[in-house]
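Visitor: Going down the list, the protein sequences come from chains A and B.
Position in the first sequence (first residue = 1) + 393 = my numbering.
Position in the second sequence (first residue = 1) + 2 = my numbering.
Handing you this structure, nothing more for now.
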Amino acid sequence: MKPLQRIHGWGRYPIIEAEVNAPLVVSGVKSAVANFLTGGMIARGLGRSYGDSSLAKCVIDTRYLNHLLDFDKNTGIVTCNAGISLAEILEVFVPLGWFLPVTPGTKHITVGGAVSSDVHGKNHHVSGCFCDFVEHIELLVSPDNVLLCSRTSHSELFHATCGGMGLTGIILSVSFRLKPVSSAYIDQKTIKAVNLTEALELFEQNYASTYSVAWIDCLATGSSLGRSLLMIGEHATGHTLSSPAKHPITVPVEMPSSLLNRYSIQLFNTLYYNRITKKEVANRVHYEPFFYPLDGIQQWNRLYGKNGFTQYQFVIPKEAGQEGMTKIVKEIAASGKGSFLAVLKVFGKQNDNLLSFPLAGYTLALDFKFEEGVFPLLDRLDAMVLDYGGRIYLTKDVRMSERTFKQSYPRWEQFQAVREQNGTKGIFASYQSRRLGLDR
Amino acid sequence: MKKILIIGATSAIAEATAQRFAKEGASLYLLARNEERLASLAADLKIRGASSAAYALLDVNDRVRYEEVLKEVVKTLGTIDVALVAHGTLGDQKACEDDVDRALLEFETNAVSTIALLTRLSNLFEKQHGGTIAVISSVAGDRGRPSNYVYGTAKAAITTFCEGLQARMFRSGVHVLIIKPGMVATPMTEGLSMPGLLVAEPDRIAADIVRAIEKKTDTLYTPWFWKYIMAGIIHLPSALFKKVNL
Numbered sequence: 394m395k396p397l398q399r400i401h402g403w404g405r406y407p408i409i410e411a412e413v414n415a416p417l418v419v420s421g422v423k424s425a426v427a428n429f430l431t432g433g434m435i436a437r438g439l440g441r442s443y444g445d446s447s448l449a450k451c452v453i454d455t456r457y458l459n460h461l462l463d464f465d466k467n468t469g470i471v472t473c474n475a476g477i478s479l480a481e482i483l484e485v486f487v488p489l490g491w492f493l494p495v496t497p498g499t500k501h502i503t504v505g506g507a508v509s510s511d512v513h514g515k516n517h518h519v520s521g522c523f524c525d526f527v528e529h530i531e532l533l534v535s536p537d538n539v540l541l542c543s544r545t546s547h548s549e550l551f552h553a554t555c556g557g558m559g560l561t562g563i564i565l566s567v568s569f570r571l572k573p574v575s576s577a578y579i580d581q582k583t584i585k586a587v588n589l590t591e592a593l594e595l596f597e598q599n600y601a602s603t604y605s606v607a608w609i610d611c612l613a614t615g616s617s618l619g620r621s622l623l624m625i626g627e628h629a630t631g632h633t634l635s636s637p638a639k640h641p642i643t644v645p646v647e648m649p650s651s652l653l654n655r656y657s658i659q660l661f662n663t664l665y666y667n668r669i670t671k672k673e674v675a676n677r678v679h680y681e682p683f684f685y686p687l688d689g690i691q692q693w694n695r696l697y698g699k700n701g702f703t704q705y706q707f708v709i710p711k712e713a714g715q716e717g718m719t720k721i722v723k724e725i726a727a728s729g730k731g732s733f734l735a736v737l738k739v740f741g742k743q744n745d746n747l748l749s750f751p752l753a754g755y756t757l758a759l760d761f762k763f764e765e766g767v768f769p770l771l772d773r774l775d776a777m778v779l780d781y782g783g784r785i786y787l788t789k790d791v792r793m794s795e796r797t798f799k800q801s802y803p804r805w806e807q808f809q810a811v812r813e814q815n816g817t818k819g820i821f822a823s824y825q826s827r828r829l830g831l832d833r
Numbered sequence: 003m004k005k006i007l008i009i010g011a012t013s014a015i016a017e018a019t020a021q022r023f024a025k026e027g028a029s030l031y032l033l034a035r036n037e038e039r040l041a042s043l044a045a046d047l048k049i050r051g052a053s054s055a056a057y058a059l060l061d062v063n064d065r066v067r068y069e070e071v072l073k074e075v076v077k078t079l080g081t082i083d084v085a086l087v088a089h090g091t092l093g094d095q096k097a098c099e100d101d102v103d104r105a106l107l108e109f110e111t112n113a114v115s116t117i118a119l120l121t122r123l124s125n126l127f128e129k130q131h132g133g134t135i136a137v138i139s140s141v142a143g144d145r146g147r148p149s150n151y152v153y154g155t156a157k158a159a160i161t162t163f164c165e166g167l168q169a170r171m172f173r174s175g176v177h178v179l180i181i182k183p184g185m186v187a188t189p190m191t192e193g194l195s196m197p198g199l200l201v202a203e204p205d206r207i208a209a210d211i212v213r214a215i216e217k218k219t220d221t222l223y224t225p226w227f228w229k230y231i232m233a234g235i236i237h238l239p240s241a242l243f244k245k246v247n248l
């Protein structure tokens, strides 16, 4: 047996020891899966899911399955191995005039991970999730059974695999549609909202914009509760497709966890909120800072110190809207624990993927470093989210209870049925799937 | 349009370098042992912009096949602008200490085969009166260290061989580049515990290689700081060197 490796998610908690196999070719995946059959294994890409969804005693590391396999320049449909990163896709295709149809806030995730998390981005309200652009998935369900899943073939397995957290097998390759662009730049508008009510109104007013997201100050209270900067964007037209050279900086080591405390974050938030003095500012920015501001700081997760952190992201339905969001943001502001990386966004309608996160409503994501009082706070937030008929994003979750999960993801039983039919239940399992009662 | 031959084409550094050449529209010929990987790499390179990407199977320890394979390469590419010799294995040092055959096989793969290949390639390039032969050696060849001296010995042999070749080929206008990467995150080093701050991604090495070929550099330490790390290690007095277990 190979020596065990210490691995963790992006939140750096928990840290576990795992046997990791990183195959170079599909036949290598098959033999790795055959070797791990008794243990319960999970596919892992770049390890950017925050919690324990890519953690298991046996891990199939897909990073070296990183080739482009086909591209149709008439339709923009690209087929690639699951382990290639969105960063690579952008690097190759933006100069050719193509962009990702949907992208999350980091480009350092694999295409397989994007499918398994059915990731969403700033355009969810108009475009939906990543998997809404997936044509088909080549899925290994056992060493001698690879299925081509699409909306028309093995469609149940397709809808279980999209957003299925890797629990239906190993994704070998993915075909998905890129979207044409004529510029690598985004025309951005930043609008100041003095409080949450105004922020939600601004989202509605700008619903027709392709991209919209708000940074929200989760420590502001009183009449400033939920003050935000709404950022909306459109792809620029007829501009350059080339990109300037970039030099990311790196957080070299774990920072003392006391660096980020209530006061330093309050200071940051106030400065950030007041960085624009006008009500509205328009400018043209490269897609990198627009979509991936944090990718400019490599390993920023070390800022939270050695105990790690979690990102809490929930969605509540539109009906619960302002009332629900206000109540939850109040609770967070009162705790004084929210961090400076808080993001508010409006979602469009949910899709047919069984464990996909988004549903029509409002979503809020924010980081909490692990410290005393965080778990009880998050439990209280869970209860409020459930009350309003919302749910928690599995890709960021590391602590939700089985009860919370099963109540808020009502299609979980259908999901389990698909896994059972295909014999993947228990074979592909993670720390998360065990915690949520999907595996033993 | 550049014509590029890569031996050991499925190594991570070679792939990243090939992808950079592909972006410039190069024609590539790939040689390696793993046919499955070669096939998907060739597809990948074409999508990235390569004018063509041919490949053939070659086990570098199968030296009798060199002549036939290189003949095919020349037939496909014509004049070769760059030959990148990138094959190699990082054998288990501890296992090599207990097993003569294993130690010699490491040397065979990393040094003997390279010397044999370079002998053929240098004659080919001499006739071309131009081009670059780029050879991946390693910082491990700069001083034998207890953690990997079998591998290091083979790389030292290559470095010395290439130094001689550099001076010889200079007269026919052929550039010989000695590449000495430090620690790189690749399948070859998968699972080794390496100090995070010193470990580079293959694409960073590839960027340096492409630049060094353009600038006709003789010896490339990549990333650059290894030049200074190795200068420190080389000059460590042996009494001290033996005590610090590098």
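Every residue, glycine too, gets a C-beta built ideally from N, C-alpha and C.
Fair warning: this is a prediction, and the values are worked out from it, not measured in the lab.
(1) Could you please tell me which residues of the segment 473-500 of chain A, in chain order, have their CB closer than 8 Å to any CB of chain B?
(2) Using 10 angstroms around the beta-carbon of A/M793, count the other beta-carbons present and answer buried if the total reaches 16, otherwise exposed.
(3) Would you kindly work out how many angstroms separate the C-alpha atoms of A/L565 and A/L533, rounded to a whole number?
(4) If you run the structure through DSSP and keep just helix, strand and coil, what is A/N474?
(5) Out of curiosity, what's the CA-to-CA distance linking B/I82 and B/S53?
(6) How do the segment 95-104 of chain B and the segment 66-80 of chain B stand: do at least 3 beta-carbon pairs fall below 8 Å, yes or no?
(7) Of all the options A/S728, A/R399, A/W403, A/Q398, which has the alpha carbon lying nearest to the alpha carbon of A/G701?
(8) Secondary structure at A/F750, three-state DSSP: helix, strand or coil?
(9) From B/F23 to B/S29, what does the alpha carbon distance come to, in whole angstroms?
(10) What are the complete beta strand (DSSP E) segments, minimum 3 residues, inside the segment 68-145 of chain B?
(11) Can you find a C-beta in chain A that's less than 7 Å from the C-beta of B/P189?
(12) Can you tell me where the beta strand (DSSP E) with A/T583 in it begins and where it stops?
(13) Thinking C-alpha only, which one of A/H628, A/L770, A/S732, A/R620 is nearest A/S657?
(14) How big is the Cα-Cα spacing for A/G490 and A/V504?
(15) Taking all protein chains shown into account, do 16 or more other C-beta atoms lie within 10 angstroms of the C-beta of A/S826, making it buried, or fewer, making it exposed?
(16) Measure from the C-beta of B/D205 to each C-beta in chain A and report whether the shortest distance is under 7 Å.
(17) Residue range of the beta strand (DSSP E) that B/A56 falls in?
(18) Using the beta-carbon of each residue, which ones in chain B are nearer than 8 Å to A/A415?
(19) For A/A735, which residues of its own chain have a beta-carbon under 6 Å away from its beta-carbon, when the five flanking residues on both sides are left out?
(20) Below 7 Å CB to CB, which residues in the same chain sit around A/Y666 once its five sequence neighbours on both sides are set aside?
(21) Cα separation between A/I502 and B/R50?
(22) Which one or two residues does DSSP pair with A/W491 in a beta bridge?
(23) From which residue to which residue does the beta strand (DSSP E) around B/T251 run?
(24) Inspect the beta-carbon positions of B/T111 and B/T134 and report whether they are closer than 7 Å.
(25) Quick one: what's got a C-beta closer than 6 Å to A/E795's C-beta in the same chain, skipping five residues either side?
(26) A/D463 touches chain B at which residues, Cβ-Cβ below 8 Å?
(27) Spatial neighbours of A/Q743 within its chain, please: CB distance less than 8 Å, with the 5 preceding and 5 following residues excluded, ordered by chain position.
(28) Please report how far the alpha carbon of A/V606 lies from the alpha carbon of A/P497, in whole angstroms.
(29) With a threshold of 7 Å between beta-carbons, can B/R147 be considered close to chain A, or not?
(30) For A/N516, collect the residues of the same chain with a Cβ closer than 7 Å to its Cβ; drop the 5 residues on either side in sequence, then sort them by chain order.
(31) Which residue marks the beginning of the alpha helix (DSSP H) containing B/I215, and which one marks its end?
(32) Considering only the beta carbon of each residue, do B/G184 and B/G132 sit closer than 7 Å?
(33) Check for me: the beta strand (DSSP E) holding A/G626 runs from which residue to which?
(34) Ignore the nearest five residues each way along the sequence and tell me which others in A/V487's own chain have a CB closer than 8 Å to its CB.
(35) If you draw a straight line from the C-alpha of A/L618 to the C-alpha of A/K738, how long is it?
(36) Verify the CB distance criterion: does B/R39 have a CB-CB separation below 7 Å to chain A?
Guide: On the basis of the data shown:
(1) N474, V485
(2) As a working note, residue 793 of chain A is residue 400 in the first sequence. Flag for A/M793 reads buried.
(3) Numbered from 1 along the first sequence, position 172 holds the residue referred to as residue 565 of chain A. Numbered from 1 along the first sequence, position 140 holds the residue referred to as residue 533 of chain A. The alpha-carbon atoms of A/L565 and A/L533 are separated by roughly 7 Å.
(4) Against the first sequence, residue 474 of chain A aligns to sequence position 81. Strand at A/N474.
(5) The residue you call residue 82 of chain B lines up with position 80 of the second sequence. The residue you call residue 53 of chain B lines up with position 51 of the second sequence. Computed Cα separation, rounded: 15 Å.
(6) no
(7) One-based indexing of the first sequence puts residue 701 of chain A at position 308. Of the listed residues, the one whose Cα sits closest to A/G701 is A/W403.
(8) Your numbering for residue 750 of chain A matches position 357 in the first sequence. Here A/F750 sits in coil by DSSP.
(9) Within the second sequence, numbered from 1, the residue matching residue 23 of chain B stands at position 21. Within the second sequence, numbered from 1, the residue matching residue 29 of chain B stands at position 27. Their backbone Cα atoms lie some 8 Å apart in a straight line.
(10) 84-87, 134-138
(11) Position 187 of the second sequence, counted from the start, is the residue given in the question as residue 189 of chain B. Yes, B/P189 counts as interfacial toward chain A.
(12) As a working note, residue 583 of chain A is residue 190 in the first sequence. That run of the beta strand (DSSP E) goes 578-586.
(13) Taking the first sequence and counting its residues from 1, one reaches residue 657 of chain A at position 264. With distances taken between Cα atoms, A/S657 lies closest to A/S732.
(14) The residue labelled residue 490 of chain A in the question sits at position 97 within the first sequence. The residue labelled residue 504 of chain A in the question sits at position 111 within the first sequence. Roughly 19 Å between the two C-alpha positions.
(15) Here residue 826 of chain A refers to the residue found at position 433 of the first sequence. In the assembly as shown, A/S826 is a buried residue. Its beta-carbon has 16 or more other beta-carbons within 10 Å.
(16) The residue you call residue 205 of chain B lines up with position 203 of the second sequence. So, not an interface residue.
(17) As a working note, residue 56 of chain B is residue 54 in the second sequence. Unbroken beta strand (DSSP E) run through B/A56: 54-59.
(18) Start at 1 with the first residue of the first sequence, and residue 415 of chain A comes out as number 22. Going along chain B in sequence order, the residues near A/A415 (Cβ under 8 Å) are P189, E192.
(19) Numbered from its first residue, the first sequence carries residue 735 of chain A at position 342. In its chain, beyond the 5 residues on either side, I609, C611, L759 have a beta carbon closer than 6 Å to the beta carbon of A/A735.
(20) Here residue 666 of chain A is taken as the residue at index 273 of the first sequence, counted from 1. Around A/Y666: D610, R620, L622.
(21) Numbered from its first residue, the first sequence carries residue 502 of chain A at position 109. Numbered from its first residue, the second sequence carries residue 50 of chain B at position 48. Approximately 20 Å, taken between the alpha carbons.
(22) By one-based count along the first sequence, residue 491 of chain A stands at place 98. Bridge partners of A/W491 according to DSSP: A/P573.
(23) The displayed coordinates of chain B run from 3 to 248. Any statement about residue 251 of chain B would go beyond what the structure contains.
(24) Counting from one through the second sequence, the residue named residue 111 of chain B turns up at place 109. Counting from one through the second sequence, the residue named residue 134 of chain B turns up at place 132. Taking 7 Å as the Cβ cut-off, B/T111 and B/T134 do not qualify as a contacting pair.
(25) Position 402 of the first sequence, counted from the start, is the residue given in the question as residue 795 of chain A. So the qualifying residues of the chain are L829, G830.
(26) For the purposes of this step, residue 463 of chain A is taken as the residue at position 70 of the first sequence. What A/D463 touches in chain B: A45, I49.
(27) Taking the first residue of the first sequence as 1, we reach residue 743 of chain A at position 350. Once the five neighbours on either side are set aside, the close Cβ partners of A/Q743 are S749, P751, L752, A753.
(28) Residue mapping note: residue 606 of chain A aligns to position 213 of the first sequence, counting from 1. Residue mapping note: residue 497 of chain A aligns to position 104 of the first sequence, counting from 1. Going by the C-alpha atoms only, they are around 12 Å apart.
(29) Residue 147 of chain B sits at position 145 when you count from the first residue of the second sequence. It does not: the Cβ of B/R147 has no partner Cβ on chain A nearer than 7 Å.
(30) In the first sequence, counting from the first residue as 1, residue 516 of chain A sits at position 123. Answer for A/N516: V495, T603, Y604, listed in chain order.
(31) Counted from its first residue, the second sequence places residue 215 of chain B at position 213. Where B/I215 is concerned, the enclosing alpha helix (DSSP H) stretches over 204-217.
(32) The count along the second sequence starts at 1 and reaches residue 184 of chain B at position 182. The count along the second sequence starts at 1 and reaches residue 132 of chain B at position 130. Contact: no.
(33) Here residue 626 of chain A corresponds to residue number 233 of the first sequence, with the count starting at 1. Per DSSP, A/G626 belongs to the beta strand (DSSP E) from 621-628.
(34) Translated into positions along the first sequence, residue 487 of chain A becomes position 94. Within the same chain, A/V487 has close Cβ partners V574, A577, L634, S636, Y680.
(35) Taking the first residue of the first sequence as position 1, residue 618 of chain A is located at position 225. Taking the first residue of the first sequence as position 1, residue 738 of chain A is located at position 345. Their Cα atoms are separated by approximately 16 Å.
(36) By 1-based counting over the second sequence, the position of residue 39 of chain B is 37. Chain A, which has a Cβ nearer than 7 Å to the Cβ of B/R39, makes this yes.
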